[in-house]
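Novice: Before we start, here is the structure in question, set down as structure tokens.
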Amino acid sequence: MSKFKSFLKRKDIEVSLKRYGIDALGAMAQGLFCTLLVGTILNTLGTQFDIGFLKAILIEIDGKGYTIGGFASAMVGPAMAVAIGYALNAPAMVLFSLIPVGFATNAIGGAGGPLAVYFIAVIAAEIGKMVSKETKIDILVTPIVTILAGVGLAWLIAAPIGKAAMYVGDIVMWATEQQPFIMGLVVAVVMGIALTLPISSAAICAAFSLTGLAGGAALAGCCANMVGFAVASFKENRWGGVVSQGLGTSMLQMGNIVKNPRIWIPAILTSAITGPVSTCLFKLEMNGAAVSSGMGTCGLVGPIGVWSGWSNPVNGAAAINPTATDWLGLALICIVLPAILAWLFGTVCRKLGWIKDGDMKLS
0 MSKFKSFLKR KDIEVSLKRY GIDALGAMAQ GLFCTLLVGT ILNTLGTQFD
50 IGFLKAILIE IDGKGYTIGG FASAMVGPAM AVAIGYALNA PAMVLFSLIP
100 VGFATNAIGG AGGPLAVYFI AVIAAEIGKM VSKETKIDIL VTPIVTILAG
150 VGLAWLIAAP IGKAAMYVGD IVMWATEQQP FIMGLVVAVV MGIALTLPIS
200 SAAICAAFSL TGLAGGAALA GCCANMVGFA VASFKENRWG GVVSQGLGTS
250 MLQMGNIVKN PRIWIPAILT SAITGPVSTC LFKLEMNGAA VSSGMGTCGL
300 VGPIGVWSGW SNPVNGAAAI NPTATDWLGL ALICIVLPAI LAWLFGTVCR
350 KLGWIKDGDM KLS
């Protein structure tokens, strides 16, 4: 056993929640962002603003035309797999071998492909690391073993994992349609918390293809945490904090949350309100890429995802021409209500002594 542990240590294989649940999952979300999400945004910009080179079909493959955005979106599987391998410190030969693994897994996994890519890329990367540089013909052994392990696993389990992910996502979305108030509250609070924790809410939403009304609730919860912390901590962090948290990530507050968990109260209470407001009053739907549901106001990706979903829905929903009410709902849910409510709850918490000056100061 001690020899095996030494081997794993030498190969930098660390079986831990941080390595697999935080590092790998967060990297997977970056892979999603740089391909599927950016591709969706480019296609939407081309369509909405009639930008010729973004609308142009560059090539047809098997009868399907690809724009620049289409090419970016098509590479989502390889990008996720490589990003996961990078987070696991995979050697170069393993990293490059994950490209076909990600492509195959995402294709076989279907709509639930992201979750399948996560599991299989992690396993394939670790297997590849085990054999890397262990033979004199490493240039052959490492890629062959990594690809065979990854694609073989994809053939065996990618489809069941993808279907399971879709089933869970469908249940959440169905439940939100049936009970918009309760589920709007639950989804918004849970996803808002996930966004602030050192895990990836974007990857979770993508893995379960969380769109529609449930996706709108998830977006509401994420925005409530990002804008909420930005406003509630304005006294300590001023405008720099607004930018870093409101357009960056509320995860920056995790160190302060550990010291005083009550600083999370304003953001959580805000998400508990904006979630039901989103589902019941404005019926805000995320019909853009599912990853956008978990991005909040990070780079304004969440609101842009809603906007792109109005004209180019990716989940089978009908395209719409947004009304003034749609735009008002988007602005209120993503920015205005989180700012007002978090400020009010934060002020109350400070007066009660639950939050003291300096508790939310970013280092």
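If you're matching positions, the sequence shown starts at 0 in numbering that gives the first Met the number 0 and goes up one per residue. A virtual CB, placed ideally from N, CA and C, is assigned to each residue, including glycine. Please read all numbers here as calculations on a predicted model, not as lab measurements.
#1: Let me know the secondary structure DSSP gives Ile156 once reduced to three states.
#2: State the DSSP-derived secondary structure class of Lys63, mapped to helix, strand or coil.
#3: Distance check for Cys297 and Phe32, CA to CA, integer angstroms please.
#4: Please look up how many angstroms separate the CB atoms of Phe102 and Pro77, rounded, as I've assumed it's under 8 Å.
#5: Quick check on DSSP: helix, strand or coil for Met285?
#6: Note down, one range per segment and in chain order, each beta strand (DSSP E) of at least 3 residues found wholly within the region 214-270.
#7: Cα-Cα, which of Leu57, Gly161 and Gly69 is closest to Ala106?
#8: What three-state label does DSSP hand Ile58 in the structure shown?
#9: So, is Asn320 buried or exposed, given that buried needs 16 or more other C-beta atoms within 10 angstroms?
#10: According to DSSP, is Pro90 part of a helix, a strand, or is it coil?
#11: Check each candidate in Val188, Leu139, Val189 and Leu212 and name the one with the smallest Cα separation from Asp169.
#12: With three or more C-beta pairs closer than 8 Å as the rule, is the region 314-330 touching the region 230-243?
#13: By Cβ distance, which residues of its chain are closer than 6 Å to Pro113, with the 5 residues on each side in sequence left out?
#14: Give me the DSSP bridge partner(s) of Gly211.
#15: Within its chain, find whatever has a CB closer than 7 Å to the CB of Gly247; leave out the 5 residues flanking it on each side and keep chain order.
#16: Who are the near neighbours of Tyr65 in its chain, counting only those whose CB is closer than 8 Å to its CB and skipping five residues on each side?
#17: Under 8 Å, do Pro302 and Cys333 count as touching if we go by C-beta distance?
#18: Give the DSSP-derived three-state secondary structure of Phe52 in the structure shown.
#19: What is the rounded straight-line gap between the Cα of Val335 and the Cα of Leu329?
#20: Let me check understanding here. Comparing Cα to Cα, which of Gly45, Asn42, Ala317 and Leu24 lies closest to Ala82?
#21: So, with DSSP's three-state summary, where would you put Gly352?
#22: Starting from Ser199 and walking both ways along the alpha helix (DSSP H), at which residues does that stretch end?
#23: Does the distance from the C-beta atom of Ser208 to that of Gly111 stay below 8 Å?
#24: Starting from the N-terminal side, write out each stretch of the beta strand (DSSP E) that is 3 residues or longer and does not extend beyond the region 8-56.
#25: Exposed or buried, which one is Asp22 when buried takes at least 16 other CB atoms within 10 Å?
#26: When you compare the CB positions of Lys128 and Ala89, do they come within less than 8 Å of one another, or not?
#27: Thinking C-beta only, is Thr273 closer than 8 Å to Pro337?
Specialist: So, to answer that:
#1: As a position in the sequence shown, residue 156 is number 157, starting the count at 1. Three-state DSSP puts Ile156 in a helix.
#2: Along the sequence shown, one-based indexing puts residue 63 at 64. Three-state DSSP puts Lys63 in a strand.
#3: Sequence index remark: in the sequence shown, residue 32 carries index 33 (1-based). Sequence index remark: in the sequence shown, residue 297 carries index 298 (1-based). Answer to the nearest angstrom: the Cα atoms are 11 Å apart.
#4: On the sequence shown, position 103 is the one that residue 102 refers to. On the sequence shown, position 78 is the one that residue 77 refers to. That pair is a contact at about 5 Å.
#5: As a working mapping, residue 285 is identified with position 286 in the sequence shown. The three-state secondary structure of Met285, taken from DSSP, is strand.
#6: Complete beta strand (DSSP E) runs here, min 3: none at all.
#7: Walking along the sequence shown from the start, residue 106 turns up at place 107. Comparing Cα positions, the closest option is Gly161.
#8: Within the sequence shown, residue 58 is the residue found at index 59, counting from 1. Secondary structure at Ile58: strand, using DSSP grouped into helix, strand and coil.
#9: Residue mapping note: residue 320 aligns to position 321 of the sequence shown, counting from 1. It counts as exposed.
#10: Translated into the one-based positions of the sequence shown, residue 90 becomes position 91. It is coil, neither helix nor strand.
#11: Here residue 169 corresponds to residue number 170 of the sequence shown, with the count starting at 1. Of the candidates Val188, Leu139, Val189 and Leu212, the residue whose Cα lies closest to the Cα of Asp169 is Leu212.
#12: Taking 8 Å as the limit for Cβ pairs, the verdict is that the region 314-330 does not touch the region 230-243.
#13: Numbered from its first residue, the sequence shown carries residue 113 at position 114. Ala205 and Ala206.
#14: If you number the sequence shown from 1, residue 211 lands on position 212. Paired residue(s): Met285.
#15: Working through the sequence shown from its first residue, we reach residue 247 at position 248. Leaving aside the five residues that flank Gly247 on each side, the residues in its chain whose CB is nearer than 7 Å to its CB run, in chain order, Cys297.
#16: Translated into the one-based positions of the sequence shown, residue 65 becomes position 66. Closer than 8 Å at Cβ, skipping near neighbours: Ile56, Leu57, Ile58, Glu59 and Ala73.
#17: To locate residue 302, count along the sequence shown from 1; it is residue 303. To locate residue 333, count along the sequence shown from 1; it is residue 334. Yes, the Cβ-Cβ distance between Pro302 and Cys333 is below 8 Å.
#18: Taking the first residue of the sequence shown as 1, we reach residue 52 at position 53. Looking at Phe52 - three-state DSSP - the assignment turns out to be helix.
#19: The sequence position of residue 335 within the sequence shown is 336, counting from 1. The sequence position of residue 329 within the sequence shown is 330, counting from 1. Within the model, the alpha-carbon separation for Val335 versus Leu329 is close to 9 Å.
#20: In the sequence shown, counting from the first residue as 1, residue 82 sits at position 83. Among Gly45, Asn42, Ala317 and Leu24, the Cα nearest to that of Ala82 is on Leu24.
#21: By one-based count along the sequence shown, residue 352 stands at place 353. Note: Gly352 maps to coil in three-state DSSP.
#22: Taking the sequence shown and counting its residues from 1, the one referred to as residue 199 is at position 200. No alpha helix (DSSP H) holds Ser199; DSSP gives it neither H nor E.
#23: Locating residue 208 in the sequence shown gives position 209, where the first residue counts as 1. Locating residue 111 in the sequence shown gives position 112, where the first residue counts as 1. Contact flag set, yes.
#24: Runs found: none.
#25: For this step, residue 22 is matched to residue 23 along the sequence shown. Counting the other Cβ atoms within 10 Å of the Cβ of Asp22 gives 16 or more, which makes it buried.
#26: One-based indexing of the sequence shown puts residue 128 at position 129. One-based indexing of the sequence shown puts residue 89 at position 90. Ala89 sits close to Lys128, with the two beta carbons spaced by under 8 Å.
#27: What you label residue 337 is simply residue 338 of the sequence shown in a count that begins at 1. What you label residue 273 is simply residue 274 of the sequence shown in a count that begins at 1. Cβ distance < 8 Å, so Pro337 and Thr273 count as in contact.
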